[in-house]
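Undergrad: Structure provided below as structure tokens; questions to follow.
Chains as they are written, first to last, in our numbering: chain A, 62 to 181; chain B, 24 to 341.
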């Protein structure tokens with residue numbers, strides 16, 4: 062996917078710049094950081110988090126969401142949730158409600174049962 | 024013979040609808056046998072849009088004026104023709120509300136409904152070999168008749184039995200969530216679960232909502248360190264330095280060895296121009312030899328450079 066590569070390149074370029082100019086940031090230690098474990102708050106952890114967000118947003122785009130909305134949806138989630146979303150997108154339950162597809166399947170199955178039951 | 028059959032029936036019930044059977048023995052304490060939340064809005068769902076419809080229902084009830092249309096852009100996933108659970112939990116944050124995942128138990132769900140919080144449930148409504156996932160909103164129940172009341176699809180008041188509903192609901196692992204204003208803590212919320220949800224709300228970006236949430240959480244759980252840190256951070260972001268400092272001082276009274284609280288208090292004092300006090304505070308933090316050492320050192324550096332810039336000589340630090 063071209064957009065995924067583009068996003069990754071952008072994120073990597075920014076991360077390299079960030080890492081080369083800063084070791085630790087002065088100032089308030091953030092709430093999420095204070096609550097998280099050491100792995101997530103390391104420089105590497107933070108870069109991985111940024112990369113995963115870009116990747117997951119790209120995956121949403123590939124599934125029909127426009128880019129700005131994809132970024133906003135990912136931005137509202139914690140790192141753990143972003144990771145969860147990436148793995149859920151393929152096959153986790155997607156609530157939809159009764160739709161015409163299901164009714165068609167019911168009719169077809171009922172028809173098949175009737176056919177095989179009454180053929181004898 | 025009849026005793027054997029009855030035992031068999033009970034065993035069968037325990038197998039088919041275990042949580043309904045548990046309710047028979049163990050009705051949750053202080054929960055009435057029948058209740059229905061008044062005034063819960065109804066949004067009939069469009070095709071595949073039970074997620075936005077259910078979310079609009081509970082968000083509106085919690086006080087955020089919203090219809091399913093804007094939610095569609097936030098929750099619906101075209102390629103899957105439906106809405107994912109993790110996105111359902113995250114969406115309320117964009118409206119200044121908290122999505123809270125309930126424990127997978129009938130008792131908890133009933134307790135929330137009895138307290139006036141409608142519950143979004145995920146159920147498999149297909150009776151066949153494939154799954155048909157569906158979000159509905161539980162708004163009431165009458166245990167004497169064995170009935171539950173749901174806003175579901177195009178039905179504003181679907182009546183279903185405890186047993187039939189459990190059969191569908193168990194397939195999602197008894198998934199259920201509530202949406203509340205940040206200062207209204209769900210009755211079944213645990214301290215750590217609720218604080219995690221508030222930290223996630225902060226990530227979602229609505230500052231005033233997060234402040235209200237942390238304030239309410241601290242009233243309920245005064246010793247909670249994360250809520251205090253969160254509140255102070257938000258006051259600081261907003262420019263309310265005095266409020267931030269006050270929260271952090273109170274926090275240090277309860278948690279004297281918190282590196283984060285000391286670091287953040289030092290930063291806040293420096294931002295108020297009180298560099299000498301800030302330096303003392305950050306040195307206290309370093310003495311703890313706790314985590315975040317590199318950040319605390321960076322904060323110290325910042326304070327020193329500000330002291331030099333403002334012309335005062337730095338105090339000789341030990």
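Built from N, CA and C at the ideal position, the CB exists for glycine as well.
Computed from a predicted model, the values in this text were never measured in an experiment.
1) Exposed or buried, what is residue 70 of chain A when buried is set at 16 or more other beta-carbons lying within 10 Å of its beta-carbon?
2) Please confirm whether residue 156 of chain B has its beta-carbon closer than 9 Å to some beta-carbon of chain A.
3) Would you please state the rounded distance, in angstroms, between the beta carbons of residue 158 of chain B and residue 88 of chain A? I believe it to be under 8 Å.
4) Of all Cβ atoms in chain A, is any one closer than 9 Å to the Cβ of residue 101 of chain B?
5) What residues from the region 134–155 of chain A come within 8 Å of chain B, judged by C-beta to C-beta, listed N to C?
6) Using a C-beta to C-beta distance shorter than 8 Å, which residues of chain B count as neighbours of residue 130 of chain A?
7) Since residue 232 of chain B and residue 209 of chain B should fall inside the 8 Å C-beta cutoff, what is the C-beta to C-beta distance between them, to a whole number of angstroms?
8) For the region 300–328 of chain B, list every residue whose C-beta sits within 9 Å of some C-beta in chain A, in sequence order.
9) In terms of residue numbering, what span does the alpha helix (DSSP H) encompassing residue 152 of chain A cover?
10) Out of B:123, B:272, B:271, which one is the CA nearest neighbour of residue 207 of chain B?
11) Nearest-angstrom Cα distance between residue 93 of chain B and residue 70 of chain B?
12) With DSSP as the reference, please indicate the residues paired to residue 295 of chain B in a beta bridge.
13) Contact criterion: CB-CB distance below 9 Å. Does residue 34 of chain B meet it with respect to chain A?
14) Under 9 Å between beta-carbons, which chain A residues line up against residue 105 of chain B? List them in chain order, please.
15) What residues of chain A sit near residue 195 of chain B, judged by a beta carbon separation below 8 Å?
16) Output needed in chain order: residues of the region 256–269 of chain B with a Cβ under 7 Å from some Cβ in chain A.
17) Determine whether the beta carbon atoms of residue 277 of chain B and residue 248 of chain B lie at a separation below 9 Å.
18) Tell me the rounded alpha-carbon separation between residue 152 of chain A and residue 108 of chain B.
19) Does any residue of chain B have a CB that is nearer than 9 Å to the CB of residue 173 of chain A?
20) Just list the alpha helix (DSSP H) runs in the region 214–275 of chain B, keeping only unbroken ones of 4 residues or longer that don't cross its boundaries, in chain order.
21) Does residue 107 of chain A come within less than 9 Å of chain B when only Cβ atoms are used?
22) Quick check: what's the CA-CA separation for residue 182 of chain B versus residue 172 of chain B?
23) Is it buried or exposed for residue 279 of chain B, if we count other Cβ within 10 angstroms and need 16 for buried?
24) With 16 as the cutoff for other CB atoms within 10 Å, does residue 213 of chain B come out buried or exposed?
25) How far does the alpha helix (DSSP H) with residue 116 of chain A in it reach, from first residue to last?
26) Assign residue 47 of chain B to one of three DSSP states: helix, strand, or coil.
27) Could you tell me whether the region 239–257 of chain B touches the region 163–170 of chain B, using the rule of 3 or more Cβ pairs below 8 Å?
28) In chain A, what lies closer than 7 Å to residue 117 of chain B by C-beta?
29) Within 10 angstroms of the Cβ of residue 325 of chain B, are there 16 or more other Cβ atoms? Answer buried if so, exposed if not.
30) Checking 9 Å against the spacing of the C-beta atoms, do residue 139 of chain B and residue 60 of chain B come in under that value?
31) Is it true that the CB of residue 289 of chain B sits closer than 9 Å to the CB of residue 305 of chain B?
32) For residue 184 of chain B, name the three-state secondary structure that DSSP assigns.
33) Should residue 127 of chain B and residue 196 of chain B be called a contact, given that it needs their Cβ atoms to be closer than 9 Å?
34) Going by alpha carbons, who is nearest to residue 313 of chain B out of B:300, B:321, B:282, B:291?
35) Spatial neighbours of residue 236 of chain B within its chain, please: C-beta separation below 7 Å, excluding the five flanking residues on both sides.
36) Along chain B, which residues have their Cβ under 7 Å away from the Cβ of residue 95 of chain A?
TA: Checking against the coordinates, here is how it stands:
1) Here residue 70 of chain A corresponds to residue number 9 of the first chain, with the count starting at 1. Around the CB of residue 70 of chain A, fewer than 16 other CB atoms lie within 10 Å, so the residue is classed as exposed.
2) As a working mapping, residue 156 of chain B is identified with position 133 in the second chain. With 9 Å as the cut-off, residue 156 of chain B counts as an interface residue toward chain A.
3) As a first step, residue 158 of chain B must be located in the second chain, where it is residue number 135. As a first step, residue 88 of chain A must be located in the first chain, where it is residue number 27. Contact between residue 158 of chain B and residue 88 of chain A fails: their C-beta atoms lie close to 41 Å from each other, not under 8 Å.
4) Looking up residue 101 of chain B in the second chain gives position 78. So, interface residue.
5) Those would be 134, 136, 137, 138, 139, 142, 145, 146, 149, 150, 153, 154, 155, in chain order.
6) Start at 1 with the first residue of the first chain, and residue 130 of chain A comes out as number 69. Neighbours of residue 130 of chain A on chain B, chain order: 96, 97.
7) For this step, residue 232 of chain B is matched to residue 209 along the second chain. For this step, residue 209 of chain B is matched to residue 186 along the second chain. A Cβ-Cβ distance of about 16 Å is found for the pair residue 232 of chain B and residue 209 of chain B, leaving them out of contact under the 8 Å criterion.
8) Those residues of the region 300–328 of chain B that come within reach of chain A (Cβ to Cβ, closer than 9 Å) are 314, 315, 316, 317, 318, 319, 320, 321, 322, 323, 324, 325, 326.
9) Here the question's residue 152 of chain A lines up with position 91 in the first chain. From DSSP, the alpha helix (DSSP H) with residue 152 of chain A extends over 140–152.
10) As a working mapping, residue 207 of chain B is identified with position 184 in the second chain. Per the Cα distances, B:123.
11) For this step, residue 93 of chain B is matched to residue 70 along the second chain. For this step, residue 70 of chain B is matched to residue 47 along the second chain. In a straight line, the C-alpha of residue 93 of chain B is about 16 Å away from that of residue 70 of chain B.
12) If you number the second chain from 1, residue 295 of chain B lands on position 272. Residue 295 of chain B pairs with nothing; no bridge assigned.
13) Taking the second chain and counting its residues from 1, the one referred to as residue 34 of chain B is at position 11. No, its Cβ sits nowhere closer than 9 Å to a Cβ of chain A.
14) Residue 105 of chain B sits at position 82 when you count from the first residue of the second chain. Chain A residues near residue 105 of chain B: 154, 155, 156, 157, 158.
15) Against the second chain, residue 195 of chain B aligns to sequence position 172. Ordered by position in chain A, the residues that pass the 8 Å Cβ test against residue 195 of chain B are 154.
16) Contact residues of the region 256–269 of chain B toward chain A are 256, 259 (C-beta to C-beta distance below 7 Å).
17) The residue labelled residue 277 of chain B in the question sits at position 254 within the second chain. The residue labelled residue 248 of chain B in the question sits at position 225 within the second chain. The Cβ atoms of residue 277 of chain B and residue 248 of chain B sit closer than 9 Å to each other.
18) Taking the first residue of the first chain as 1, we reach residue 152 of chain A at position 91. Taking the first residue of the second chain as 1, we reach residue 108 of chain B at position 85. Rounded to the nearest angstrom, the gap between the Cα atoms of residue 152 of chain A and residue 108 of chain B is 12 Å.
19) Walking along the first chain from the start, residue 173 of chain A turns up at place 112. Closer than 9 Å to the CB of residue 173 of chain A there is not a single CB belonging to chain B.
20) DSSP runs (the alpha helix (DSSP H)) wholly in the region 214–275 of chain B: 214–227, 230–243, 248–261.
21) What you label residue 107 of chain A is simply residue 46 of the first chain in a count that begins at 1. At least 9 Å separates the CB of residue 107 of chain A from every CB of chain B.
22) Counting from one through the second chain, the residue named residue 182 of chain B turns up at place 159. Counting from one through the second chain, the residue named residue 172 of chain B turns up at place 149. Using only the alpha carbons, I get a separation of about 5 Å.
23) What you label residue 279 of chain B is simply residue 256 of the second chain in a count that begins at 1. Classification of residue 279 of chain B: exposed, given that the 10 Å Cβ count is below 16.
24) Taking the first residue of the second chain as position 1, residue 213 of chain B is located at position 190. By the neighbour-count criterion, in which a residue is buried when 16 or more other Cβ atoms sit within 10 angstroms of its Cβ, residue 213 of chain B is exposed.
25) Sequence index remark: in the first chain, residue 116 of chain A carries index 55 (1-based). If you look at residue 116 of chain A, you'll find it in the alpha helix (DSSP H) that goes 104–123.
26) Locating residue 47 of chain B in the second chain gives position 24, counting from the first residue. Three-state result, residue 47 of chain B: helix.
27) The region 163–170 of chain B and the region 239–257 of chain B do not touch, with fewer than three beta-carbon pairs separated by less than 8 Å.
28) Here residue 117 of chain B is taken as the residue at index 94 of the second chain, counted from 1. Think of a sphere of 7 Å around the beta carbon of residue 117 of chain B: the chain A residues whose beta carbon falls inside it are 137, in chain order.
29) In the second chain, the residue the question calls residue 325 of chain B occupies position 302. The residue in question, residue 325 of chain B, is buried, as its Cβ has 16 or more Cβ neighbours within 10 Å.
30) Within the second chain, residue 139 of chain B is the residue found at index 116, counting from 1. Within the second chain, residue 60 of chain B is the residue found at index 37, counting from 1. With respect to residue 60 of chain B, residue 139 of chain B sits close: the two C-beta atoms are nearer than 9 Å.
31) Here residue 305 of chain B refers to the residue found at position 282 of the second chain. Here residue 289 of chain B refers to the residue found at position 266 of the second chain. At the C-beta level, residue 305 of chain B and residue 289 of chain B come within 9 Å of one another.
32) The residue labelled residue 184 of chain B in the question sits at position 161 within the second chain. In the structure shown, residue 184 of chain B sits in a strand (DSSP, three-state: E or B).
33) On the second chain, residue 127 of chain B is found 104 positions in, with the first residue counted as 1. On the second chain, residue 196 of chain B is found 173 positions in, with the first residue counted as 1. A distance below 9 Å separates the beta carbons of residue 127 of chain B and residue 196 of chain B.
34) Within the second chain, numbered from 1, the residue matching residue 313 of chain B stands at position 290. Among B:300, B:321, B:282, B:291, the Cα nearest to that of residue 313 of chain B belongs to B:282.
35) Here residue 236 of chain B corresponds to residue number 213 of the second chain, with the count starting at 1. Around residue 236 of chain B: 121, 205, 206, 221, 224.
36) Within the first chain, residue 95 of chain A is the residue found at index 34, counting from 1. 249, 252, 283, listed in chain order.
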